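Asks: Pasting in a structure now, in structure tokens, and then I'll have a few things to ask.
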Amino acid sequence: KYETSTRGHRTKPSARALAKGVYRILKHVSGRRNHTHLVYKLECPTPDKPNEPQESLNIENEASFIIQIKNPTKPAPPNVGIQNKRKATFPAQLEAQLGSKRFGPADPPDFLNYEGCEFLLIAASDHIEEELGLELRGEERCAPSSLDLINIFGETASPKPLFEGTWA
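When the letters of the sequence shown are read in order and numbered with the numbering used here, they come out as residues -14 to 153.
Set out below in structure tokens:
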């Protein structure tokens, strides 16, 4: 709930989880180039169940993205990225890893712990096992009782929208 000067009292609808899955951030060496991948595989809903919101947002059941960290000390094109006062401030050892490059691999993933960290996700593959030789495994069950979303959000918000309701 919130107030606006023009529309008065407003209510934000509850958020609803689109899917649940497992993810990994992996270092990948390809020839002389190192890069990092963010890979995920959905557990819920299961791949055999159609999921209209997932399809409309083009969210695959599994995918791989190359993740690149933006060097906050390097300039960005005008009107791109966040303002200077909100940019990440990395410790010296992480800054040294980026060096003079505008973007670098998310290795170590500690870069992502800093507020204001900007990153790029570059689509790599929808077939993790073929591309990286990795099989992601999660829970075998996909039932509301097995989801930890209730434990995560149940104290601060009603868990009802997580499992039922309409999509905006």
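Just so it is clear, CB atoms sit at the ideal spot from N, CA and C, and this is done for glycine as well.
Given the structure is predicted, the values throughout are model-derived calculations rather than measurements.
Here's a check: name, in chain order, each residue in its chain whose Cβ is nearer than 6 angstroms to the Cβ of Pro62, leaving out the five neighbours to either side.
Replies: So no residue of the chain qualifies.
Asks: Does the stretch 71 to 78 touch the stretch 11 to 29, meaning 3 or more C-beta pairs lie closer than 8 angstroms?
Replies: Output reads no: the stretch 71 to 78 does not touch the stretch 11 to 29.
Asks: Check whether the Cβ atoms of Ile67 and Ala91 sit closer than 8 angstroms, and answer yes or no.
Replies: no
Asks: Given a threshold of 16 other Cβ atoms within 10 Å of its Cβ, counted over all protein chains shown, does Asn98 qualify as buried or as exposed?
Replies: exposed
Asks: In chain order, what residues of the same chain have a beta carbon less than 7 angstroms from the beta carbon of Thr(-4), not counting five sequence neighbours either side?
Replies: Lys(-14)
Asks: Rounding to the nearest angstrom, what Cα-Cα distance links Ser131 and Ala2 in this structure?
Replies: Residue confidence for Ser131 is low, a pLDDT of 49 falling below 50, so the modelled location carries little weight; the figure read from the coordinates is stated next. Looking at the two C-alpha atoms, the distance is approximately 14 angstroms.
Asks: Alpha carbons only, please: which of Ser49, Asn64, Asp95 is nearest the one belonging to Leu119?
Replies: Ser49
Asks: Go through its chain and collect everything with a Cβ distance to Ile44's Cβ below 6 angstroms, but skip five positions before and after it.
Replies: Excluding residues up to 5 positions away in sequence, nothing lies with its Cβ nearer than 6 angstroms to the Cβ of Ile44 in the same chain.
Asks: Which residue spans inside the stretch 69 to 122 form an unbroken alpha helix (DSSP H) run of at least 4?
Replies: 77 to 83, 113 to 117
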